[in-house]
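Student: Here the sequence shown stands for residues 19 to 234, where the numbers follow my numbering. Glycine included, each C-beta is placed from N, C-alpha and C at the ideal position. I have a structure I would like to understand better, so I am pasting it below and will then ask my questions one at a time.
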Amino acid sequence: MPPIQIAIDGPAGAGKSTVAKALAERLNIMHLDTGAMYRAVTVKALDREIDLHDEEAFNFIDATDFYFQDGELILDGANIETKIRSPLTSQHVSLVASHKTVRDALVKRQQAIAEMHDVVMDGRDIGTVVLPDAPYKFFLTADPRTRAERRFKDMLKAGDTVNFEELVAAIKTRDDYDSNRMHNPLKKASDAIEIDTKDYSIAALVEKLYSMVKEG
Ligand code: DC
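Listed below in C-alpha cells is the structure:
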C-alpha cells in the first residue's frame, strides 16, 4: 500500500497547523508543518547574518540537520521552537520562502518524508507542488481579521505585546507576498476542497476532515 498523503494548504493563520496536527493525531500518523521548515531556515540565516536577498547564500541548507521531536523543531541539535515563532522570524520568512533554491531543497525533503510515512502535511504548496497526487487535499481559508484575531490571542498568551491593526496589516502583506511570488505561490489546487474555517471550531473541523478521509 502506498503511504496515505493528506495535503492541507491555506494562508497564514487559517488554522492549518492546529488542524493538521489534531487530524494526524486522530489518524495516528505523522504531521509535517512545512512552514516550520521555512522558519528554521530563516532562523539559521539570521543567526549567520547572511544577506537574505542573496539566494546563493542559502546553500547551507543541504548541510543542515533538522527534524521534529514531539512536534518541536530541532535544528543542528538545538531546540529552536521558540525562535521559529518569534516576530523577527515571522517578519523575514516570506522573503526566505520566495527563493527557488530554498524551496527546491525543502520540497525535496518533504517529498522524501512523504514517501516513507503516512502524513498530514500543511503549508502553501503541498497540494500543488509537493504532493500533487495526494488523494486528500484541503484548502483552509478565513478572512484576514479572523486570522489576525487568532494570532493576536496566541501572541498575548505567549506574553508578546502586539498591536492588533498592525497584525492585520502584517497578515495581509504576507498573503500578498506568498500569493504573488514567482516560485510555488500560495494557490488552491484545482482538486482541493476549500473550507472557510470561520464556520467551525477546531474540533468540529478536525472531525469533518477525519470523516472525509475515512469515507475516502
Ligand atoms: O505557515 P507559516 O506561517 O508557519 O509559514 C511561514 C512562511 O513560510 C510563510 O511566509 C509561507 C511560507 N511557506 C511556504 O512558502 N510554503 C510552505 N509549504 C509553507 C510555508
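Identify which residue in Thr164, Thr146, Asn181 has its Cα closest to the Cα of Ala279.
Tutor: A query on residue 279 cannot be resolved here, the shown segment of the chain reaching from 19 to 234 and no further.
Student: Nearest-angstrom Cα distance between Arg66 and Phe76?
Tutor: Answer to the nearest angstrom: the Cα atoms are 10 Å apart.
Student: Going by CA-CA distance only, name the one from Lys101, Lys118, Asp27, Leu185 that's closest to Thr164.
Tutor: The shortest C-alpha separation from Thr164 is found at Leu185.
Student: Quick one: what's Asn97 bridged to in DSSP?
Tutor: In DSSP, Asn97 forms a bridge with Ile92.
Student: Using alpha carbons as the reference points, say which of Ser104, Lys205, Lys62 lies closest to Leu93.
Tutor: Among Ser104, Lys205, Lys62, the Cα nearest to that of Leu93 is on Lys62.
Student: Among Glu99, Asp193, Asp83, Asp80, which has the Cα closest to the Cα of Ala176?
Tutor: The shortest C-alpha separation from Ala176 is found at Glu99.
Student: May I have the straight-line CA-CA distance separating Ala239 from Phe182, to the nearest angstrom?
Tutor: An answer regarding residue 239 cannot be provided, because it is not within the stretch 19 to 234 covered by the chain.
Student: Going by beta carbon distance, what residues of the same chain come within less than 8 Å of Ala210, once the five residues before and after it are set aside?
Tutor: Excluding residues within five positions, the ones whose Cβ falls inside 8 Å are Ala25, Asp27, Gly145, Lys155, Phe156, Phe157.
Student: So, at 8 Å on beta carbons, what are the nonlocal neighbours of Ser116 in its own chain, with the 5 sequence-adjacent residues on each side left out?
Tutor: Closer than 8 Å at Cβ, skipping near neighbours: Tyr195, Arg199, Met200, His201.
Student: Taking the beta strand (DSSP E) that Thr159 falls in, what are its first and last residues?
Tutor: Unbroken beta strand (DSSP E) run through Thr159: 154-159.
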